[in-house]
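Take 51 as the starting number for the sequence shown in my numbering and just add one per residue.
Even glycine gets a Cβ: it sits at the ideal position worked out from N, Cα and C.
All figures in this text were calculated on a predicted structure; none of them were measured in a lab.
Step one of this worksheet: look at the structure below.
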Amino acid sequence: MVDGERGTSPRSLLGKPLADEVIKGVRVALAGWDFRPHLVSVLASADEASRVYVDSKARRAGRLGVDFSVRELGAGASQQELEGALRELSADDSVHGVVLELPLAAGLDADAALLHIAPRKDVEGLTPANLALIAAGRESEALLPPTPRSVRFLLRRVLGDDLRGLRVAVIGPGRTVGRPLTFMLNNRGVTVTLSNEYTRDLAGVLAPLDAVVVAVGRAGLLKPEHVQPHHVVIDAGINVQDGGEMVGDAMPDLPVRAQTPVPGGVGPLTSALMYQNLVRAVKLQRGEAVE
51 MVDGERGTSP RSLLGKPLAD EVIKGVRVAL AGWDFRPHLV SVLASADEAS
101 RVYVDSKARR AGRLGVDFSV RELGAGASQQ ELEGALRELS ADDSVHGVVL
151 ELPLAAGLDA DAALLHIAPR KDVEGLTPAN LALIAAGRES EALLPPTPRS
201 VRFLLRRVLG DDLRGLRVAV IGPGRTVGRP LTFMLNNRGV TVTLSNEYTR
251 DLAGVLAPLD AVVVAVGRAG LLKPEHVQPH HVVIDAGINV QDGGEMVGDA
301 MPDLPVRAQT PVPGGVGPLT SALMYQNLVR AVKLQRGEAV E
């Protein structure tokens, strides 16, 4: 009997073992270079979750030997200032990867801002150029968004490498996770049900499906009454509570086959895959062959 089926304890689906495998490959690539790649995060908000992500990236960069810096524009930055900073970083040959931390402060347009990041420095895979390649089924030519890629990795760990024919719900059609993930799963032959926090009869919608991915940014959205014992739940939500505790969109310890915890699930693997994207970005910028 597989972990988490009826009569057994649900399996905690951890991201760190997969992240460790990815980082081994990143270290090998970095060791072969005579320079340290430079990654820059651009902050234009006071969002606490964004700062959690930035701190995590900085710690990982230090361990890997990657130069990491933060361009702090503040929550009061104008659209013109934001776009100017992104153009400057994109044109700087000493910068190999650029991350625009989302969400932006109120009044700033993320879609317009992302147009000013060079696609081959877009290590978060969110520029229109990279998303268009994904939507067109040309993933091998793109830099893929690390969080959706992390979700797909974790689904494969439980459901097998061949996802064709499986049915997966994606709750939350956001630009950083839900929308690209929908295309990325479809590219692997998955039947995707795209829903949101307002979906009626969520339990009925989810019941016949094989897995549920939740990425809304609303703590406790997915509850025991919504899931079935055969479900695999991937929680890509991050919510910082008043006391500083980080929780996901799904309630912990749901009665399901397997579930990613928050923290410790999607997050560690996402961070590792972003640095794998940085390696790929450097190779693209240098005109080297990529897989």
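Using CA atoms only, rank isn't needed, just tell me which of T310, R202, R110 and Q309 is closest to L328. Working through the sequence shown from its first residue, we reach residue 328 at position 278. If you compare the alpha carbons of T310, R202, R110 and Q309 with that of L328, the shortest gap goes to R110.
Indicate whether the contact test is met: 3 or more Cβ pairs, each with one atom in the region 125-136 and one in the region 179-199, closer than 8 Å. Contact between the region 125-136 and the region 179-199 is absent: fewer than three C-beta pairs spanning the two stretches fall below 8 Å.
May I ask which residues mark the beginning and end of the alpha helix (DSSP H) holding D105? As a first step, residue 105 must be located in the sequence shown, where it is residue number 55. Residues E98 to L114.
Spatial neighbours of F203 within its chain, please: C-beta separation below 7 Å, excluding the five flanking residues on both sides. Taking the first residue of the sequence shown as position 1, residue 203 is located at position 153. L68 and L319, listed in sequence order.
Skipping 5 residues on each side, what residues in its chain have a beta carbon closer than 8 Å to that of V316? The residue you call residue 316 lines up with position 266 of the sequence shown. Around V316, the same chain offers G65, T197, S200, V201, L204, I284, D285, A286 and T310 as residues with beta carbons nearer than 8 Å, after the five sequence neighbours per side are excluded.
Does P258 pass the burial test, meaning 16 or more other C-beta atoms within 10 Å, or should it be called exposed? Position 208 of the sequence shown, counted from the first residue, corresponds to residue 258. With fewer than 16 other beta carbons inside 10 angstroms of its own, P258 counts as exposed.
Quick check on this structure: which residue in V78, G228, M234 and D251 has the alpha carbon closest to the alpha carbon of L244? Locating residue 244 in the sequence shown gives position 194, where the first residue counts as 1. Closest by alpha carbon: G228.
Span of the beta strand (DSSP E), counted from its first residue to its last, around T241: Translated into positions along the sequence shown, residue 241 becomes position 191. If you look at T241, you'll find it in the beta strand (DSSP E) that goes T241 to S245.
Check whether the Cβ of V220 lies closer than 7 Å to any heavy atom of the ligand FAD, and answer yes or no. Within the structure as shown, the ligand FAD is missing, as the structure has no ligands at all.
My output table needs one value for G337: the three-state DSSP class, helix, strand or coil. The residue you call residue 337 lines up with position 287 of the sequence shown. G337 falls in the coil class under three-state DSSP.
Is it true that the CB of V173 sits closer than 8 Å to the CB of L231? For the purposes of this step, residue 231 is taken as the residue at position 181 of the sequence shown. For the purposes of this step, residue 173 is taken as the residue at position 123 of the sequence shown. Result no, Cβ atoms of L231 and V173 do not sit closer than 8 Å.
By Cβ distance below 7 Å, which residues in the same chain neighbour A168 in space, the five residues on each side in sequence not counted? In the sequence shown, residue 168 corresponds to position 118, counting from 1. Around A168, the same chain offers S140 as residues with beta carbons nearer than 7 Å, after the five sequence neighbours per side are excluded.
Proximity of V282 and I221 at Cβ, strictly below 8 Å: What you label residue 282 is simply residue 232 of the sequence shown in a count that begins at 1. What you label residue 221 is simply residue 171 of the sequence shown in a count that begins at 1. The answer is no: Cβ separation not under 8 Å.
How is the alpha helix (DSSP H) around E122 delimited, first residue to last? Here residue 122 refers to the residue found at position 72 of the sequence shown. Per DSSP, E122 is not a residue of any alpha helix (DSSP H); the beta strand (DSSP E) it occupies stretches across D117 to E122.
L272 versus A96, E122, D303 and R113, residue with shortest Cα-Cα distance: Looking up residue 272 in the sequence shown gives position 222. Residue D303 is the option with its Cα nearest to L272.
Establish whether the CB of L319 and some CB of chain D are separated by less than 8 Å. Considering every chain present, this structure includes no chain D. It has just one protein chain.
Based on Cα-Cα distance, which residue from V340, L334, Q335 and A322 lies nearest to V116? Along the sequence shown, one-based indexing puts residue 116 at 66. It is A322.
What residue range does the beta strand (DSSP E) around I221 cover? Taking the sequence shown and counting its residues from 1, one reaches residue 221 at position 171. Unbroken beta strand (DSSP E) run through I221: R217 to I221.
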